[in-house]
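Student:
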Amino acid sequence: MQATTVRYQVRPMDVGDISQVMEIERESFLNMWPTTAFKRELKHNRLARYLVAVEQREGAEEAVAPLAESEPKEEPVPPVHLGRWLGELKRLFGSEEEVEASREPIVGFVGIWLTLDEAHIVTIAVRESHRGRGIGELLLIAAIALATLNDQDIVTLEVRASNQAAQALYEKYGFKKVGVRHRYYSDNHEDAVIMTTDSIHAAPYRELCQRLRQEHRERCGDYELNFY
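Under this note's numbering, the first residue of the sequence shown carries the number 8, and numbering increases by one thereafter.
(1) Given a cut-off of 8 Å, decide if residue 64 and residue 141 are closer than it, judged by their beta-carbon atoms.
(2) Near residue 117, which residues of its chain fall below 6 Å by C-beta distance, leaving aside the five closest residues on each side in sequence?
(3) Leaving aside the five residues before and after residue 137 along the sequence, list all residues of the same chain whose C-beta is less than 6 Å from its C-beta, in chain order.
(4) Using the Cα positions of residue 123 and residue 159, report the straight-line distance between them to the nearest angstrom.
(5) What's the gap between the Cα of residue 182 and the Cα of residue 112?
(6) Measuring straight from C-alpha to C-alpha, what distance separates residue 34 and residue 201?
(7) Check whether the Cβ atoms of residue 14 and residue 186 sit closer than 8 Å, and answer yes or no.
(8) Please report the Cβ distance between residue 161 and residue 206, rounded to the nearest whole angstrom; I am assuming they are in contact, meaning their Cβ atoms lie under 8 Å.
(9) From this set, 204, 191, 233 and 171, which residue's C-alpha is nearest residue 163's C-alpha?
(10) Assuming residue 188 and residue 165 make a contact with CB atoms under 8 Å, what is their CB distance in whole Å?
(11) Please state whether the Cβ-Cβ distance between residue 129 and residue 120 is less than 8 Å.
(12) Rank 26, 110, 51 and 224 by C-alpha distance to the C-alpha of residue 41 and give the top, closest one.
(13) Determine whether the Cβ of residue 116 lies closer than 8 Å to any Cβ atom of chain B.
(14) What does DSSP give as the partner residues of residue 163 in its beta bridges?
(15) How would you label residue 23, buried or exposed, when you count the other beta carbons within 10 angstroms and need 16 or more for buried?
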């Protein structure tokens, strides 16, 4: 049998993804966004871009011996992109309730707001069962790539003052601590550390990201950013 290889694809979130995104929200945050907030962000906030990380399994298990000519063969499964296309048609021509939930296993998501020259990461979360596999870093890579694609100059975010692991990851990708929002988080009134990059178009930053992306591929496996 052929071993199964796990890859991750990062693509734009759509309404059909919300049910799985809400599961990840529930595992990650004390104060959750309601479903309607995600729908509003996706459909009405022109500044917002949301991406999901999808687990893909390639090289499905094969039988040791091929099927005999007389044996019936299974009908081919429609490709993943066809399912998303059909879901998009339903969203365009039907009601929101008619949009089918995504069948792809979503393992994380990130939200970015694009302003005149600044990309602001507003949320990032990974499914509990998939933490420690580099998916959070992949979502950060995707957010920076999306900001670059949309000609933003810098990337900024807030992070809990107690979340040292996240701060270390952001610092690795060139984010610097530039301020504090006192009592920012409503659940426990914890301070938020404001972190931001230098210009993401500057040669030193591009070189840093290129090196870190290659190291991530070597450490965690290949991935695809499907929004170019």
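We put the beta carbon where it would ideally sit given N, CA and C, even for glycine.
Only a predicted model underlies this, so the values are computations on that prediction, with no experimental measurement involved.
Tutor: The short version:
(1) On the sequence shown, residue 141 is found 134 positions in, with the first residue counted as 1. On the sequence shown, residue 64 is found 57 positions in, with the first residue counted as 1. Taking 8 Å as the Cβ cut-off, residue 141 and residue 64 do not qualify as a contacting pair.
(2) Looking up residue 117 in the sequence shown gives position 110. Result list for residue 117: 58, 131, 146 and 150, in chain order.
(3) By 1-based counting over the sequence shown, the position of residue 137 is 130. Taken in chain order, the residues that qualify are 114.
(4) For this step, residue 123 is matched to residue 116 along the sequence shown. For this step, residue 159 is matched to residue 152 along the sequence shown. Cα to Cα, residue 123 sits roughly 7 Å from residue 159.
(5) By one-based count along the sequence shown, residue 182 stands at place 175. By one-based count along the sequence shown, residue 112 stands at place 105. One C-alpha to the other measures close to 30 Å.
(6) To locate residue 34, count along the sequence shown from 1; it is residue 27. To locate residue 201, count along the sequence shown from 1; it is residue 194. Going from the Cα of residue 34 to the Cα of residue 201 covers about 24 Å.
(7) The residue you call residue 14 lines up with position 7 of the sequence shown. The residue you call residue 186 lines up with position 179 of the sequence shown. Contact flag unset, no.
(8) Residue mapping note: residue 161 aligns to position 154 of the sequence shown, counting from 1. Residue mapping note: residue 206 aligns to position 199 of the sequence shown, counting from 1. About 6 Å; that satisfies the 8 Å criterion.
(9) Here residue 163 refers to the residue found at position 156 when the sequence shown is read from its first residue. Here the closest residue by C-alpha is 204.
(10) For the purposes of this step, residue 188 is taken as the residue at position 181 of the sequence shown. For the purposes of this step, residue 165 is taken as the residue at position 158 of the sequence shown. Correct: roughly 6 Å between the Cβ atoms.
(11) By one-based count along the sequence shown, residue 129 stands at place 122. By one-based count along the sequence shown, residue 120 stands at place 113. A contact, by the Cβ cut-off of 8 Å.
(12) Walking along the sequence shown from the start, residue 41 turns up at place 34. Residue 41 has its Cα closest to that of 26, out of 26, 110, 51 and 224.
(13) In the displayed structure, chain B is absent; only one protein chain is listed.
(14) As a working mapping, residue 163 is identified with position 156 in the sequence shown. Partner(s): 127 and 203.
(15) Translated into positions along the sequence shown, residue 23 becomes position 16. Result: buried.
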